[in-house]
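In terms of my numbering, the sequence shown opens at residue -5 and continues consecutively.
Here the structure is laid out as structure tokens; the discussion comes afterwards.
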Amino acid sequence: MTQRRLSLFGATGSVGQSTLDLVRRDGETWQVGVLSAHSDVAELAKLAKEFRPDVAVIADEARHTELKDALAGTGIETAAGADALVEAAQRPTDLVMAAIVGTAGLAPTMAALAAGYDVALANKEALVSAGALMMAVARTSGSTILPVDSEHNAIFQCLAGGRIDQVRRIILTASGGPFRTMSSADMAIVTPAQAVAHPNWSMGAKISVDSATMMNKGLELIEAHHLFPVGLDRIEILVHPQSVIHSLVEYIDCSTLAQLGSPDMRIPISSALAWPQRMATPCAPLDLASIARLDFEAPDEVRFPATALCRAAIAEGGARPAQLNAANEVAVAAFLAGRISFPAIVDTVRRVIDAAAPATPSSLQDIFSVDAASRAAAQQFVDQYEHA
Ligand code: NAD
Ligand code: MG
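Here it is as structure tokens:
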């Protein structure tokens, strides 16, 4: 491949590290322009020394001096804070990897899209909060959004086999998470450690909890609705515990295309990095004979009400998905901090949505206001649970 520049946001995370693993193996191709992290200066500095970006950005401004000291004499520029992330996202590049977790990634991702750069999108919360705006900005600027989420990457690949107006159904597969077979009564007392222990994937803490509540699949339904405009009623969820089929597309002729692979994020990441080509990965090829069988079941929306909540939120549209996402981020953080129970996560989200007035955000600023108000509301419910 010809040389390409990569700006990587969320370099120290699970997706960020998997991305750098691929870049490291294909050093001839990639020139890293930007690396960013939230607060882990030591890891960011270590990665910066290895990958030699033009700029290393630490989101937590209080850590800037520490980062400057760590990179003194290297010639690598340093920057800090939310505005610096946006500025870094506007620097000329061939591809931006959006791998920050949460709506913290929204502003830099929008900046990259507005600048016309192609974006490999892992940061699903940005799309959930501001999907309509993001898609509109990408259309105007001509940016391509390359989905990194394994399901959406699978659908993106399957859509190469037909026309989107000839799709009958998109089937999003879900592992079901660590509590797939657990009763509601048992789920009431699970610990954060149990919730982040995903059976198939190794991921950051927030998305692991989202997988356990199935909120992740609901967020992915909203994500799919924006990325693949086939109509909400044509997007279904299917539980598939082995995580071998990453999603399916059924066409009007009843041909169903699926994308399969080992549950290793480096596969969808490589697909986004190399698109429209492919690149070799160190991932394990599928051994279907040893996997022997693939199982499927309908999702249980009684034990896992999050997906229905998400479907209702995107059907209503406007600010609802942003309210839902913000409330979920607060509730997941509270659960991880041991402040609320596992069922209280989805309850908090529902209560925030029920209490919030509908609104129609028309700018990024509007989305940030909705996000802030919903976080404050969620925090109040969290406090009530804690003191109940
Ligand atoms: P992670 O927690 O491992 O990493 C998150 C990254 O974001 C880190 O680099 C962190 O420093 C940075 N970050 C966190 N808060 C920030 C803030 N306020 N400002 C700036 N940077 C901040 O998360 P992850 O599992 O790598 O997930 C990243 C995104 O990719 C999420 O949106 C997730 O839903 C999505 N995703 C992840 C996986 C996976 O396998 N991990 C799969 C599909 C989608
Ligand atoms: Mg996924």
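Using N, Cα and C, we set each Cβ at its ideal position, and we do this for glycine too.
Distance CB(residue i)-CB(residue j) smaller than 7 Å
{"i": "Ser178", "j": "Asn194", "result": "no"}
{"i": "Ile231", "j": "Thr301", "result": "yes"}
{"i": "Val95", "j": "Gly212", "result": "no"}
{"i": "Ala39", "j": "Ala64", "result": "yes"}
{"i": "Glu214", "j": "Glu310", "result": "no"}
{"i": "Leu61", "j": "Thr72", "result": "yes"}
{"i": "Ala42", "j": "Ile70", "result": "yes"}
{"i": "Val340", "j": "Arg369", "result": "no"}
{"i": "Ala120", "j": "Leu100", "result": "yes"}
{"i": "Thr6", "j": "Met91", "result": "no"}
{"i": "Leu140", "j": "Trp24", "result": "no"}
{"i": "Ala74", "j": "Glu55", "result": "yes"}
{"i": "Val122", "j": "Pro262", "result": "no"}
{"i": "Phe3", "j": "Val26", "result": "no"}
{"i": "Ile361", "j": "Ala124", "result": "yes"}
{"i": "Ile164", "j": "Val243", "result": "yes"}
Contacts around residue i, its chain only, beta-carbon distance under 7 Å, and the 5 residues preceding and following it disregarded
{"i": "Tyr379", "result": "Ile334, Ala338"}
{"i": "Met129", "result": "His220"}
{"i": "Ser137", "result": "Leu107, Gly110, Tyr111, Asp112, Val113"}
{"i": "Val131", "result": "Met104, Leu107, Ala108"}
{"i": "Thr330", "result": "Strictly speaking, residue 330 in this sequence is Leu, with Thr absent from that position. So the qualifying residues of the chain are Pro186, Ala199, Val203."}
{"i": "Thr275", "result": "Leu16, Arg260, Ile261, Ser264"}
{"i": "Asn210", "result": "Ile201, Asp204"}
With 16 other Cβ atoms within 10 Å as the buried cut-off, status of residue i
{"i": "Phe345", "result": "Here residue 345 turns out to be Arg, not Phe, going by the sequence shown. Buried."}
{"i": "Leu282", "result": "exposed"}
{"i": "Gln271", "result": "exposed"}
{"i": "Ile183", "result": "exposed"}
{"i": "Phe290", "result": "exposed"}
{"i": "Ser33", "result": "exposed"}
{"i": "Cys248", "result": "exposed"}
{"i": "Gln383", "result": "Any question about residue 383 goes unanswered here, given that the chain covers just -5 to 382."}
{"i": "Leu166", "result": "buried"}
{"i": "Ser284", "result": "exposed"}
{"i": "Asp394", "result": "One cannot answer for residue 394 here, as it falls past the ends of the chain, which runs -5 to 382."}
{"i": "Val343", "result": "buried"}
{"i": "Thr97", "result": "buried"}
N-terminal and C-terminal residue of the alpha helix (DSSP H) that residue i is part of
{"i": "His381", "result": "358 to 381"}
{"i": "Gln188", "result": "186 to 190"}
{"i": "Ala205", "result": "Sequence check: residue 205 is Ser here, not Ala. Here the alpha helix (DSSP H) through Ser205 covers 199 to 207."}
{"i": "Ser178", "result": "178 to 181"}
{"i": "Glu119", "result": "118 to 135"}
{"i": "Ile339", "result": "337 to 349"}
{"i": "Met60", "result": "The residue you asked about is not Met; residue 60 is Glu in the sequence shown. Glu60 -> alpha helix (DSSP H) spans 58 to 64."}
{"i": "Thr174", "result": "Here residue 174 is Arg; the residue named in the question, Thr, does not match the sequence. Note, Arg174: premise wrong, no alpha helix (DSSP H); not H, not E."}
Three-way DSSP call (helix, strand, coil) for residue i in this model
{"i": "Phe150", "result": "helix"}
{"i": "Ser444", "result": "With the chain represented from -5 up to 382, any question about residue 444 goes unanswered, as that position is not in the structure."}
{"i": "Val142", "result": "coil"}
{"i": "Ser33", "result": "coil"}
{"i": "Gln253", "result": "strand"}
{"i": "Gln317", "result": "helix"}
{"i": "Val326", "result": "helix"}
{"i": "Glu71", "result": "strand"}
{"i": "Ile263", "result": "helix"}
{"i": "Gly27", "result": "strand"}
{"i": "Ser8", "result": "helix"}
{"i": "Gly212", "result": "helix"}
{"i": "Ile334", "result": "coil"}
{"i": "Ala109", "result": "coil"}
{"i": "Glu44", "result": "helix"}
Residues near residue i in its chain [Cβ-Cβ closer than 6 Å; skip 5 each side]
{"i": "Phe298", "result": "Met208"}
{"i": "Ser8", "result": "Met197, Gly198"}
{"i": "Ser205", "result": "Gly171, His192"}
{"i": "Ala189", "result": "Val203, Ala206"}
{"i": "Met273", "result": "Ser264"}
8 Å Cβ shell around residue i - same chain, five flanking residues per side excluded
{"i": "Gln151", "result": "Gln253, Ser265"}
{"i": "Ile246", "result": "Gln160, Val161, Arg162"}
{"i": "Pro223", "result": "Ile158"}
Residue interval of the beta strand (DSSP E) (run including residue i)
{"i": "Pro276", "result": "Premise fails: Pro276 is in no beta strand (DSSP E) and is neither H nor E."}
{"i": "Asp112", "result": "112 to 115"}
{"i": "Arg162", "result": "161 to 168"}
{"i": "Ile94", "result": "Note, Ile94: premise wrong, no beta strand (DSSP E); not H, not E."}
{"i": "Val243", "result": "239 to 245"}
{"i": "Leu288", "result": "No beta strand (DSSP E) holds Leu288; DSSP gives it neither H nor E."}
{"i": "Glu81", "result": "Unbroken run through Glu81 is the alpha helix (DSSP H), 76 to 83; no beta strand (DSSP E)."}
{"i": "Ala50", "result": "49 to 52"}
{"i": "Ser232", "result": "Note on residue identity: the sequence assigns Leu, not Ser, to residue 232. Run containing Leu232: 229 to 233, per the beta strand (DSSP E) assignment."}
Chain C contact for residue i (CB, 7 Å cutoff)
{"i": "Glu60", "result": "In summary, chain C is missing from the structure at hand, where a single protein chain is found."}
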